[in-house]
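Structure, as structure tokens:
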Amino acid sequence: MADLGKNVEGFQIGDRVTGFFKPGFATYAAASPSSIIKIPEGVKTEHALGEPLACVSNIVRAANPEFGDYVLFFGCGFMNLLALSALVGRRPAELIAVDVLDSKLKIAEDIGATVTLNPKEVDLVAEVKRITRNRGVDIVLEATGKPGIVDSASELLRTGRGKLLLVSSHSHSEKVNMELWQRGTIILNPHPPYSLDLMDDLRRGIEGLARGVFPMERLITHRFRLNDIQRAFETYSKKPEDYVKGVVIP
């Protein structure tokens, strides 16, 4: 916190804060006090990524797995790995991680996935049926954003109120086999507009970070200075195999 408006309460110059404000990728930015919270002592500033932590709180609260549920994470990028971290303590029957990169599956396993599946190496549908005793999984968190994956994810769900969470951003039109959804599938789009209280989600995410729920040191794989932001964009675009999350540090 570099400066304060004269009527601002609850903050002081020097506070470390995170939250929602624009512009990004800048040395300074103006923020409303209602859109930020303090970063707790002991939490690294570069780990306190307000927007994704709020989003993962929203995602986990939407998924709301029950004891004994089978939960499948379709794609092991940053957001699904955060969600996996948050759900490890919920005691589901299985936490199933799916990705085409074994390096991502290794991270998922280290975090707490009980099963890892590479669709290039196994028949995904057959394996899920075997693991769930032909029932199908209770919840799928789809976080690939790839064409065709929505159908693939839907096919893995149980009949009768299985939950499909469309975690990823889909920037393309796509035909979906809605016959798969006639089995009583619940479709959720847990993006920020879905949240009932995004600041409460942010608070929960930051508190979880302070408790050690999210292994940020493992998940933040690339760091860039603000004056090297073009390289950050290029790295994100190319996404080397070891890339999970990049952060820009002023």
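Here numbering that gives the first Met the number 0 is used: the first residue of the sequence shown is 0, the next is one more, and so on. Note that CB positions come from ideal geometry on N, CA and C, so glycine has one too. Keep in mind the model is a prediction, meaning the values are calculated, not measured.
If you check the beta carbons only, do Ala-47 and Thr-17 fall under 8 Å apart?
Along the sequence shown, read from residue 1 onward, the residue named residue 47 stands at position 48. Along the sequence shown, read from residue 1 onward, the residue named residue 17 stands at position 18. Using a Cβ distance threshold of 8 Å, Ala-47 and Thr-17 count as a contacting pair.
Nearest to Trp-180 by alpha carbon, out of Leu-3, Gly-159, Ala-61?
In the sequence shown, residue 180 corresponds to position 181, counting from 1. Gly-159 is the residue among Leu-3, Gly-159, Ala-61 whose C-alpha sits nearest the C-alpha of Trp-180.
To which residues of the same chain is Ser-236 closer than 8 Å at the C-beta, ignoring the five residues directly before and after it?
The residue given as residue 236 occupies position 237 in the sequence shown. For Ser-236, where only same-chain residues beyond five positions count, there are no Cβ hits under 8 Å.
With H, G and I counted as helix, E and B as strand and the rest as coil, what does DSSP make of Ile-130?
Residue 130 sits at position 131 when you count from the first residue of the sequence shown. In this structure, DSSP gives Ile-130 a helical state, which the three-state scheme calls helix.
DSSP three-state assignment for Glu-93, whether helix, strand or coil:
The count along the sequence shown starts at 1 and reaches residue 93 at position 94. Strand, per DSSP.
Just the Cα atoms here: how many angstroms apart are Val-42 and Gly-13?
Along the sequence shown, one-based indexing puts residue 42 at 43. Along the sequence shown, one-based indexing puts residue 13 at 14. Val-42 and Gly-13: Cα-Cα distance of roughly 15 Å.
If you follow the beta strand (DSSP E) that Lys-162 is part of, which residue opens it and which one closes it?
Locating residue 162 in the sequence shown gives position 163, counting from the first residue. Unbroken beta strand (DSSP E) run through Lys-162: 162 to 165.
From Leu-163, Glu-8, Glu-173, Lys-174, pick the residue whose C-alpha is nearest to that of Arg-182; which is it?
Counting from 1 along the sequence shown, the entry for residue 182 is found at position 183. Comparing Cα-Cα distances from Arg-182 to each of Leu-163, Glu-8, Glu-173, Lys-174, the minimum goes to Leu-163.
Separation of Pro-189 from Val-55, as counted between CA atoms
Numbered from 1 along the sequence shown, position 56 holds the residue referred to as residue 55. Numbered from 1 along the sequence shown, position 190 holds the residue referred to as residue 189. Note on geometry: alpha-carbon atoms of Val-55 and Pro-189 lie some 9 Å from one another.
For Gly-18, the residue or residues it bridges with in DSSP:
Counting from 1 along the sequence shown, the entry for residue 18 is found at position 19. Under DSSP, Gly-18 shares a beta bridge with Ile-35.
Out of curiosity, what's the CA-to-CA distance linking Pro-32 and Lys-5?
Reading the sequence shown from its first residue, position 33 is the one you call residue 32. Reading the sequence shown from its first residue, position 6 is the one you call residue 5. Between Pro-32 and Lys-5, the C-alpha separation is close to 12 Å.
Val-246: first and last residue of the uninterrupted alpha helix (DSSP H) it sits in
Locating residue 246 in the sequence shown gives position 247, counting from the first residue. For Val-246, there is no enclosing alpha helix (DSSP H); the enclosing beta strand (DSSP E) covers residues 244 to 248.
Taking buried to mean at least 16 other C-beta atoms within 10 Å of its own C-beta, is Gly-213 buried or exposed?
Within the sequence shown, the letter at position 214 stands for residue 213. For the record, residue 213 in the displayed sequence is Phe; it is not Gly. Residue environment analysis places Phe-213 among the buried positions, since at least 16 neighbouring C-beta atoms fall within 10 angstroms of its C-beta.
Answer yes or no: do Ile-36 and Arg-15 have a C-beta to C-beta separation smaller than 8 Å?
Reading the sequence shown from its first residue, position 37 is the one you call residue 36. Reading the sequence shown from its first residue, position 16 is the one you call residue 15. Cβ distance not < 8 Å, so Ile-36 and Arg-15 don't count as in contact.
Where Val-175 sits in the DSSP three-state scheme:
Taking the first residue of the sequence shown as position 1, residue 175 is located at position 176. Coil.
Kindly list the residues whose CB is nearer than 7 Å to the CB of Arg-203, restricted to its own chain and excluding five residues on each side of it in sequence; keep chain order.
Here residue 203 refers to the residue found at position 204 when the sequence shown is read from its first residue. Counting only Cβ-Cβ distances below 7 Å, and skipping sequence neighbours, we find Ser-56.
Rounded to whole angstroms, what is the Cα-Cα separation between Val-99 and Asp-150?
Here residue 99 corresponds to residue number 100 of the sequence shown, with the count starting at 1. Here residue 150 corresponds to residue number 151 of the sequence shown, with the count starting at 1. Cα to Cα, Val-99 sits roughly 17 Å from Asp-150.
CA-CA distance, Arg-157 and Gly-135?
Here the question's residue 157 lines up with position 158 in the sequence shown. Here the question's residue 135 lines up with position 136 in the sequence shown. Per the coordinates, the alpha-carbon of Arg-157 lies some 4 Å from the alpha-carbon of Gly-135.
Skipping 5 residues on each side, what residues in its chain have a beta carbon closer than 6 Å to that of Val-87?
Taking the sequence shown and counting its residues from 1, the one referred to as residue 87 is at position 88. Around Val-87: Gly-111.
DSSP three-state assignment for His-46, whether helix, strand or coil
Residue 46 sits at position 47 when you count from the first residue of the sequence shown. It is helical.
Return the CA-CA distance between Lys-174 and Phe-72, expressed in angstroms with no decimal places.
Taking the first residue of the sequence shown as position 1, residue 174 is located at position 175. Taking the first residue of the sequence shown as position 1, residue 72 is located at position 73. The straight-line gap from Cα to Cα measures roughly 22 Å.
Here's the rule: buried if 16 or more other CB atoms are within 10 angstroms of the residue's CB, otherwise exposed. What is Lys-244?
The residue given as residue 244 occupies position 245 in the sequence shown. Buried, since its Cβ has 16 or more Cβ neighbours within 10 Å.
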